[in-house]
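One structure below.
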Amino acid sequence: MAEILKIVNLNKKFGNLEVLKDVNLSLNEGEILSVLGDSGCGKSTLLRIIAGLETPSGGKSP
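Numbered according to my numbering, the sequence shown spans residues 1081 to 1142.
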């Protein structure tokens, strides 16, 4: 199956607060991804970066 999403060493900071640190993710065609975690752990930030609504501080994203 073809890889449709790849994130490598993704980082996001808001000032001195590091919200995402070295996130790696690979998603192939036909797979389903679920993002789970506590409030404030960076789930929405990750999805906003994937959607192109937010820019990462470092790493490679779509």
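The beta-carbon is built from N, C-alpha and C at its ideal position, and this holds for glycine as well.
Beta-bridge partners of residue i, as assigned by DSSP
| i | result |
| --- | --- |
| E1134 | Answer is none; E1134 lacks a bridge partner. |
| K1092 | L1100 |
| S1106 | K1086 |
| K1140 | V1088 |
Residue i, DSSP secondary structure in three states
| i | result |
| --- | --- |
| I1087 | strand |
| S1124 | helix |
| If you pair each beta-carbon of the segment 1101-1108 with each one of the segment 1082-1089, do three or more pairs fall below 8 Å? | Contact annotation: the segment 1101-1108 touches the segment 1082-1089, with at least three C-beta pairs closer than 8 Å.
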